[in-house]
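The working numbering numbers the first residue of the sequence shown as 3 and each following residue consecutively. Contents: one structure, followed by commentary.
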Amino acid sequence: MGFGIGLPGARAASGFDQLAERARAAGEHRVTVAGGTGAYGELVKEHFFDPFTKATGIDVVAMGGSYGEKLAKLKAMASIGRVEWDVITLSADMLAPDVTDLLRGLGDCASLPDVGRHGVDGACVGHGVLFDIGGGLLAFDRRSFPDGQRQPSDWADLWDVEAFPGPRALPNIGAPWWPLMAALQADGVSSEELFPLDLDRAFAKLDEIKPHVTVWWRSGDQSQQIFRTGEVVMAMLFSGRAFRLRAEGLPLGSTWRGAVLDAALWALTQGAPHPNAGLALLDFIYTRPKAHAAFAAESFGATAQREALDFLPSEARQASVINPANWSQVVGVDRDWLAVNRETVVQRWNVWLAS
3 MGFGIGLPGA RAASGFDQLA ERARAAGEHR VTVAGGTGAY GELVKEHFFD
53 PFTKATGIDV VAMGGSYGEK LAKLKAMASI GRVEWDVITL SADMLAPDVT
103 DLLRGLGDCA SLPDVGRHGV DGACVGHGVL FDIGGGLLAF DRRSFPDGQR
153 QPSDWADLWD VEAFPGPRAL PNIGAPWWPL MAALQADGVS SEELFPLDLD
203 RAFAKLDEIK PHVTVWWRSG DQSQQIFRTG EVVMAMLFSG RAFRLRAEGL
253 PLGSTWRGAV LDAALWALTQ GAPHPNAGLA LLDFIYTRPK AHAAFAAESF
303 GATAQREALD FLPSEARQAS VINPANWSQV VGVDRDWLAV NRETVVQRWN
353 VWLAS
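As structure tokens, this is what we get:
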């Protein structure tokens, strides 16, 4: 779904200002967010929470925890009818019915006009708005595949061990649909026809590459280290991890072609004690393109604020997932299909990996 363009600094009367005023009129002087922690959480606080408080007088109380921990606690709070959080951050892949039942439906985000004005296509996901976005992209060591020679450009090349010899790595992070989507694309399935996933075809294709996968990485740190040590020459990698390695000086190449969307969303909880303040915060984060650019530079990631691209250095602008040339190549997961088939896919993946 596309959104209206609008002027970067324009806000309609029904936008963030009115949402903030509605929150203050309702006596909502705080908003509680179950988000990230550590250095990441400090970046979010610096670039978004503190400016929101300065602009509105509404304090932001930040809680932490992993996606799984936060979701389990939200379910427990909902079960006794005492939801304490207003906003929660989750992976977009988690939007199964048992999760969306805990979140307030936003429809097409008409109540959040700045999301439409300033977000990338698809920034509104019905039960939340995207914030962090990146992808599981194909990364390769340019010491093995130097500039001036043929370099890997898509998932078919990861499978082509004759043209591109060397050990590979794929993720084993509880999201097996990522390598399955890569396998199908390597087998000639177009990104538009990936879903419903043909599991038999995907696993058959994975059988071909399995002997050449020397690492099934389980964490972002591990995925970086195997490139630092030269243990692999090619892998599916989180885009942020690839950009961190480049910043360290590692000659890493990458391509967005067929990359699997990796996205976090901010959602308003069902039964939020401060719903107006929560909506105001969700809309506010889309009004600050310079803040998004600074956040992206410091976190080696990207956000769904489209106009942030204008404030990035040239090299970062070209590499960013929200560059239209890259965004058009990223492949999203069919969340409806995943909601029905998640357990089946995970179980089959675990059996296949252990065989």
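All residues carry an ideal CB built from backbone N, CA and C; glycine is no exception. As the structure is a prediction and not an experimental result, all values here were calculated from the model.
- Within its own chain, the residues whose Cβ lies closer than 8 Å to the Cβ of residue 199, once the five positions on either side in sequence are excluded, are 179, 182, 183, 186, 339, 343 and 347, listed in chain order.
- A contact is defined here as three or more CB-CB pairs under 8 Å, and the segment 250-259 meets this definition with respect to the segment 227-241.
- The three-state reading of DSSP puts residue 245 in helix, counting H, G and I together.
- About 18 Å separates the Cβ atoms of residue 170 and residue 253, ruling out a contact at the 8 Å cut-off.
- Under the three-state reduction of DSSP output, residue 203 falls in the helix class.
- The DSSP-derived three-state label of residue 286 is helix.
- Per DSSP, reduced to three states, the secondary structure at residue 239 is strand.
- At a Cβ-Cβ threshold of 9 Å, residue 34 and residue 269 do not count as neighbours.
- Per DSSP, residue 19 is one residue of the alpha helix (DSSP H) stretching across 18-27.
- Residues 92 and 93 of the same chain have their beta carbon placed closer than 6 Å to that of residue 69, with the five preceding and five following residues left out of the count.
- Note that the segment 68-84 does not touch the segment 159-169; fewer than 3 beta-carbon pairs, one per stretch, sit closer than 8 Å.
- A buried status is given to residue 322, since no fewer than 16 other beta-carbon atoms sit within 10 Å of its beta-carbon.
- If you draw a straight line from the Cα of residue 247 to the Cα of residue 226, it comes to about 7 Å.
- Three or more Cβ pairs closer than 8 Å define a contact, and the segment 58-65 falls short of that threshold against the segment 293-311.
- For residue 220, the CB contacts under 7 Å within the same chain, skipping 5 residues up- and downstream, are 174 and 175 in chain order.
- Here the alpha carbons of residue 206 and residue 140 stand approximately 20 Å from one another.
- The beta-carbon distance between residue 104 and residue 271, rounded to whole angstroms, is 6 Å. This is short enough to meet the 8 Å contact definition.
- Close CB contacts of residue 18 within its chain, under the 7 Å cut and outside five residues either way in sequence, are with 116, 282, 285, 286 and 289 (chain order).
- Looking from the CA of residue 121, the closest CA among 291, 224 and 341 belongs to 291.
- Residue 111 and residue 320 have their C-alpha atoms roughly 29 Å apart.
- The alpha helix (DSSP H) runs of length 4 or more contained entirely in the segment 138-210 are, from start to end of the chain, 157-161 and 179-188.
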